[in-house]
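**Q** The sequence shown begins at 591 in our numbering and counts up one residue at a time.
Glycine included, every Cβ here is placed at the ideal spot set by N, Cα and C.
Starting off with a structure, shown below.
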Amino acid sequence: MSQRFIDAMRYLAGAVTIISAGTEDAIAGLTATAICSFSADPPRILACLNRAGGTYKALVDSGQFCVNILAADQQDLAIEFAGRTGKTGAEKFADGCWETSDKSPPRHLGALASVRCTVHLCTLLGTHAIVIGDVVETHIGETRPSLLYREGAFLTG
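Given below as structure tokens:
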């Protein structure tokens, strides 16, 4: 049943994002598609992430996170933050396109949009955490096609 469910979910196309969390040297990030708008008033976002990773720990420790929505030309970035290049933690942010500070989680300067949030609610369920964030800052970049993920492959949307 579990493998059949996994196979079925591969047909659900998702926008590719990077969730970043932490501040200064304690930053971490991961590639995620389990993101959605939760409410517009007040503005909130919902994110699901694995509790075993460093990004979850950075999110809990700092109480904040940023959702960076990727463009079609940012596939290499998605692969890097998915852990496929061997880089971990702060190493993933070394390309210089990240705005970092001692007060806010990193945001990618070339993302289609970045949404910084404080943690409103974090519910643990199995291996994952369901996180609802209160939006505190939104940046919108230049308009271009989105990066999508479906059936184990990146697509342009």
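(1) Does the beta-carbon of G713 have 16 or more other beta-carbons within 10 angstroms, so that it is buried, or is it exposed?
(2) Taking just the CA atoms, how far does L620 sit from A630?
(3) On the DSSP letters alone, give me the boundaries of the beta strand (DSSP E) that R594 sits inside.
(4) From the DSSP output, in three-state form, read off S691 for me.
(5) According to DSSP, which residues form a beta bridge with V657?
(6) From A701 to I730, what distance separates their C-alpha atoms?
(7) According to DSSP, is L711 part of a helix, a strand, or is it coil?
(8) Between G723 and A637, which are expected to be in contact by the criterion C-beta below 8 angstroms, what is the C-beta distance as a whole number of angstroms?
(9) Near A662, what residues of its chain come up, given a Cβ to Cβ distance below 6 angstroms and the 5 sequence neighbours on each side ignored?
**A** Taking the structure as given:
(1) Here residue 713 is Thr; the residue named in the question, Gly, does not match the sequence. The residue in question, T713, is exposed, as its Cβ has fewer than 16 Cβ neighbours within 10 Å.
(2) 25 angstroms
(3) No beta strand (DSSP E) holds R594; the alpha helix (DSSP H) holding it covers S592 to M599.
(4) coil
(5) For V657, DSSP records a beta bridge to I609 and V705.
(6) 8 angstroms
(7) Judged by DSSP in its simplified three-state form, L711 adopts strand.
(8) 7 angstroms
(9) P735, L737 and T746
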